[in-house]
Amino acid sequence: MTGPVRAALGIWRARTSRTSRDGAYAVYLALMVALVTVIPGVRAAWLGLTSPEGIAAITAAGAPDAAIAVVAALWAGALLLGRDRGPAVRPPFLTHALATSGLAGAESFRGPVLRAGALVTVLTTATAGLLGAALVGARLAGPLDAAVFLAVGAVVGAVTTVAWLAGQALPRAAVAIAVGVCGLGAATAAAPALRPFTPMGWVGLAYPVAGDPPAVAALTALAALSAALVCAIPTLLNRLRLRELLAQSARWDSATVHAGGMDFSAAVAVYQRRPRLGRRLRAVRGLGRPALVFLVRDAIGAARTPGRLLLGVLAVAGAGAVLALAFTPAAAGWALGAAAGTTLFAGLGPLSDGLRHAASVAAGLPLYGIGDGPLLARHLLFPTVVALLALLTAVLVTSSAAGIPALGPLVGALALGPLALLARVNAALKGPMPPALLAPVPTPVGDLGAAVRMAWAVDGLLLVALSGAAAALVLESPLLLLGAALALLGIGASRWRQRG
Amino acid sequence: MIEVDGVTVTAGGTTLLPAVTLTVPRGAVLAIRGRNGSGKSTLLGVLAGSRTPTRGTVRIDGADVSPRDRGFRRRVAAMIGLPPMAPDLTVSDHVLLVATTWLDDPREAAELARTVIAELHLTGLGQRFPHELSSGQTQLFGLALVLARPFDVLLLDEPEQRLDPEHVESVIQVLRARRDAGATVIAATHSPALADRLADRTLWLDAAA
Chain U
33 MTGPVRAALG IWRARTSRTS RDGAYAVYLA LMVALVTVIP GVRAAWLGLT SPEGIAAITA
93 AGAPDAAIAV VAALWAGALL LGRDRGPAVR PPFLTHALAT SGLAGAESFR GPVLRAGALV
153 TVLTTATAGL LGAALVGARL AGPLDAAVFL AVGAVVGAVT TVAWLAGQAL PRAAVAIAVG
213 VCGLGAATAA APALRPFTPM GWVGLAYPVA GDPPAVAALT ALAALSAALV CAIPTLLNRL
273 RLRELLAQSA RWDSATVHAG GMDFSAAVAV YQRRPRLGRR LRAVRGLGRP ALVFLVRDAI
333 GAARTPGRLL LGVLAVAGAG AVLALAFTPA AAGWALGAAA GTTLFAGLGP LSDGLRHAAS
393 VAAGLPLYGI GDGPLLARHL LFPTVVALLA LLTAVLVTSS AAGIPALGPL VGALALGPLA
453 LLARVNAALK GPMPPALLAP VPTPVGDLGA AVRMAWAVDG LLLVALSGAA AALVLESPLL
513 LLGAALALLG IGASRWRQRG
Chain G
15 MIEVDGVTVT AGGTTLLPAV TLTVPRGAVL AIRGRNGSGK STLLGVLAGS RTPTRGTVRI
75 DGADVSPRDR GFRRRVAAMI GLPPMAPDLT VSDHVLLVAT TWLDDPREAA ELARTVIAEL
135 HLTGLGQRFP HELSSGQTQL FGLALVLARP FDVLLLDEPE QRLDPEHVES VIQVLRARRD
195 AGATVIAATH SPALADRLAD RTLWLDAAA
């Protein structure tokens with residue numbers, strides 16, 4: 033770090049009113065969060081990996097191919113993520129001050145990139161380490177194999193960091209590069225002969241497999257690639273454009289403020305893609321039937337952000353597939369059902385722009401010539417039609433492919449679809465946090481106020497996960513589904529009465 | 015006719031709107047003026063039904079204020095702050111959608127939408143999305159959404175906000191046309207031009223206080 037950058041950061045840090053006690057509290061908070069969430073998560077992952085099913089999965093013939101696909105998806109995802117939130121992000125004022133000074137981007141923004149890179153590398157190394165340790169523990173790989181794979185994890189982290197930064201520095205090219213990376217990953221996974229020639233193939237070659245010699249050559253190739261890419265970091269940093277830096281900084285600042293206030297919908301909305309395409313398409317047509325007018329309006333509105341719409345439909349279809357798999361006899365049905373519920377809820381987001389608009393109209397002065405209820409009902413048509421089509425198709429295809437009787441998954445999907453839509457309506461009608469929730473909740477085990485506020489913030493996600501779990505168990509215990517439905521209906525009715 | 019009788023709004027011991035009594039005949043224009051915090055927006059909120067008065071009564075064409083009542087919604091159009099703007103619709107789409115929900119004949123709705131967009135000089139911006147509009151253009155778009163419908167009473171809170179003098183003049187022309195067509199217009203404003211050139215009467219809320 034050069035003198036001017038150090039001096040600027042010194043002034044910036046001196047402005048904050050944080051005391052050493054605040055710093056100590058932040059460390060305490062981080063330790064507690066790690067204790068409560070990270071350590072149980074790591075333990076659960078370890079237990080899963082070392083279970084007979086886990087060992088069978090990581091030693092399956094297709095495991096190296098899966099590793100190739102995961103790494104390709106990780107690099108492509110990092111490229112795409114960088115377009116919206118890259119690693120070179122500082123607070124808005126500091127970003128403006130540094131980016132409009134005569135200092136090079138390579139100096140001004142190296143710090144946040146190194147910190148982000150360290151975090152990513154720790155995560156990828158830990159993942160590779162867990163996998164290798166599980167295989168060594170089961171005597172299915174040697175310690176040297178695991179050590180090589182651990183190093184591969186670290187190198188993958190470094191490449192991921194550069195891909196992330198490249199997405200930020202080259203936002204237009206990032207999409208094409210990401211598509212290329214995905215294509216190369218798919219080709220490498222499909223054709224083992226390609227493995228010696230592609231970076232993700234080297235990861236597949238280094239995957240610890242019993243009996244194979246340690247893939248030192250693959251690690252060396254990956255390390256060389258990583259070193260070359262890391263050398264490009266200063267060039268990429270110097271390519272960062274002021275407008276993009278300021279926009280990313282402002283968005284991140286806004287999102288963290290919303291998330292800090294537990295308004296996660298607003299935090300997500302900050303990163304919602306804005307339409308730029310399809311402006312010449314007429315979204316409103318005189319179709320006679322008002323319901324049709326709104327169906328077409330919502331469809332064209334959603335198609336104006338095609339990538340977002342595609343992701344939404346894929347997520348809904350993915351939820352259908354997971355829900356169908358929840359009905360396989362050996363599966364942990366409730367867990368898969370909960371995953372299907374949350375995935376469905378997320379997938380409905382891009383389909384529900386009209387719903388959110390209807391909810392904000394209902395909370396204000398009359399804008400349309402129809403009542404709030406009919407307006408909401410008409411905006412429900414598009415997400416209902418698309419979600420049910422995608423969900424039921426995925427359920428039928430997956431049931432047929434996996435040899436599962438289709439009745440259970442179909443009943444589950446027909447119940448879960450409307451409940452997830454209801455959860456979306458509830459989320460749209462959700463107002464600001466009630467002040468009463470800010471009060472402490474003293475109990476013998478401490479203040480539960482934060483837990484109550486967190487439950488309020490993610491109530492939709494929790495209830496839809498519960499609904500998904502209940503939908504997966506619908507044939508055994510339909511009452512659970514009824515309970516989830518009543519809870520969602522009750523919350524919806526209460527928010528509807530209190531709107532505006 | 016709008017009849018306001020002894021309307022007061024208080025909250026937590028603070029008077030947000032001192033007692034107001036007034037009558038506005040049909041087809042008249044009333045400008046509400048006063049300093050920031052004098053209660054202009056609060057009075058408009060009471061008239062629109064988004065705010066309940068602590069004391070007093072309001073009747074519009076002999077009926078109580080009830081924003082969920084179909085007849086009231088049909089009679090009273092209001093813009094107190096910007097209306098919700100659908101992020102996935104262009105300016106033309108959204109104005110037409112509003113008109114379509116108020117008028118049964120699609121051709122009539124399209125004609126009304128076109129007229130309002132032209133009156134507010136938004137024709138060249140018809141294919142823009144809300145996030146692509148400047149602050150003043152957003153204000154004009156908000157006005158277009160509220161005007162793309164039939165109404166008997168129009169309530170506006172500072173319609174001149176963020177507009178240059180030329181566009182304030184356009185807004186005056188548009189509101190005058192609505193007044194000439196028989197609508198009652200009540201506008202809270204800080205613009206002397208808008209009050210002097212449009213209003214039949216001015217209510218000074220500082221004086222009322």
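Chains U and G supply the protein sequences, listed in that same order. Quick note: the first sequence uses this note's numbering, first residue 33, plus one each step. Quick note: the second sequence uses this note's numbering, first residue 15, plus one each step. Backbone N, C-alpha and C define an ideal beta-carbon position, used for all residues, glycine too. Here the structure is a predicted model, which means the values were calculated and not measured.
So, for Y303 of chain U: in the same chain, excluding its five sequence neighbours on each side, which residues have a beta-carbon less than 8 Å away from its beta-carbon? D116, R117, R283, A287
For A213 of chain G, would you say it is in contact with chain U, using Cβ-to-Cβ distances shorter than 8 Å as the test? no
Strictly by DSSP, which residues pair up with M93 of chain G? G:L170
State the DSSP-derived secondary structure class of R82 of chain G, mapped to helix, strand or coil. coil
Status (buried if at least 16 other CB within 10 Å, exposed otherwise) for L268 of chain U: buried
Paired residues, beta bridge with V43 of chain G - DSSP: G:V199
Against chain U, with Cβ distances strictly below 8 Å, would R128 of chain G count as a contact? no
Checking contacts by CB at 8 Å: is A223 of chain G closer than that to chain U? Bear in mind that the predicted position of A223 of chain G carries a pLDDT of just 45, short of 50, making it too unreliable to give a figure here.
4 or more residues per run - each alpha helix (DSSP H) lying fully within the stretch 148-216 of chain U: 175-201
Own chain, CB closer than 8 Å to L226 of chain U, minus 5 neighbours either side, in chain order: A219, T220, G233
Simplified DSSP assignment, three categories, for I16 of chain G: strand
How many Å lie between E180 of chain G and L30 of chain G at the Cα? 33 Å
Beta-carbon spacing of A455 of chain U, S384 of chain U below 8 Å: no
Would the stretch 323-335 of chain U and the stretch 376-390 of chain U be scored as touching if the rule is three or more Cβ pairs under 8 Å? yes
Could you give the DSSP three-state label for L134 of chain G: helix, strand or coil? coil
Using CA atoms only, rank isn't needed, just tell me which of U:G365, U:G344, U:G352 is closest to G534 of chain U. Any property of residue 534 of chain U remains undetermined from this structure, which presents chain U solely from 33 to 532.
Pair within 8 Å by beta-carbon distance, R340 of chain U and R305 of chain U: yes
So what does DSSP say about L31 of chain G, is it helix, strand or coil? strand
Taking C-alpha atoms, which residue in U:G42, U:G365, U:V191, U:A210 lies nearest to V130 of chain U? The question names Val, but residue 130 of chain U is Leu in the sequence shown. The shortest Cα separation from L130 of chain U among U:G42, U:G365, U:V191, U:A210 belongs to U:G42.
Taking 8 Å as the cut-off, decide whether the C-beta atoms of T22 of chain G and A33 of chain G are in contact. yes
Quick one: what's V38 of chain G bridged to in DSSP? G:I16
Going by beta-carbon coordinates alone, are R101 of chain G and F155 of chain G separated by less than 8 Å? Position check: residue 101 of chain G holds Pro in this sequence, whereas Arg was assumed. Cβ distance not < 8 Å, so P101 of chain G and F155 of chain G don't count as in contact.
CB G70 of chain G to CB I94 of chain G, shorter than 8 Å? no
Only counting the same chain, and skipping five residues up and downstream in sequence, which positions put a Cβ closer than 6 Å to that of I200 of chain G? L44, L169
Let me make sure I understand the geometry here. Which of U:A395, U:P382, U:A353 has the alpha-carbon closest to that of G500 of chain U? U:A353
Quick one: which chain G residues come within Cβ less than 7 Å of R336 of chain U? D102
Just the chain U side, please: which residues come within less than 9 Å of V112 of chain G by C-beta, in chain order? L399, Y400, G401
Going by the beta-carbon positions, is the gap between T166 of chain G and T198 of chain G smaller than 8 Å? The question names Thr, but residue 166 of chain G is Asp in the sequence shown. For D166 of chain G and T198 of chain G, yes; Cβs fall inside 8 Å.
CA-to-CA distance, T69 of chain U to L163 of chain U, given in whole angstroms: 20 Å
By how many angstroms is the C-alpha of L202 of chain U removed from the C-alpha of A279 of chain U? 15 Å
Quick one: is W196 of chain U buried, meaning 16 or more other Cβ sit within 10 Å of its Cβ, or exposed? buried
Let's test the definition: count the other Cβ atoms within 10 Å of the Cβ of Q153 of chain G and tell me whether it reaches 16, buried, or not, exposed. buried
Answer with buried or exposed for G492 of chain U, where buried requires no fewer than 16 other C-beta atoms within 10 angstroms of its C-beta. buried
Taking Cβ-Cβ distances shorter than 8 Å, what residues in chain U pair up with I46 of chain G? Residues of chain U passing the Cβ test: none, with the nearest at roughly 17 Å.
For a test of the three-state rule: what should DSSP assign to I186 of chain G, helix, strand or coil? helix
With L5 of chain G and H204 of chain G assumed to form a contact (beta carbons below 8 Å), what rounded beta-carbon distance in angstroms separates them? In this structure chain G extends from 15 to 223, so residue 5 of chain G is not present and cannot be described.
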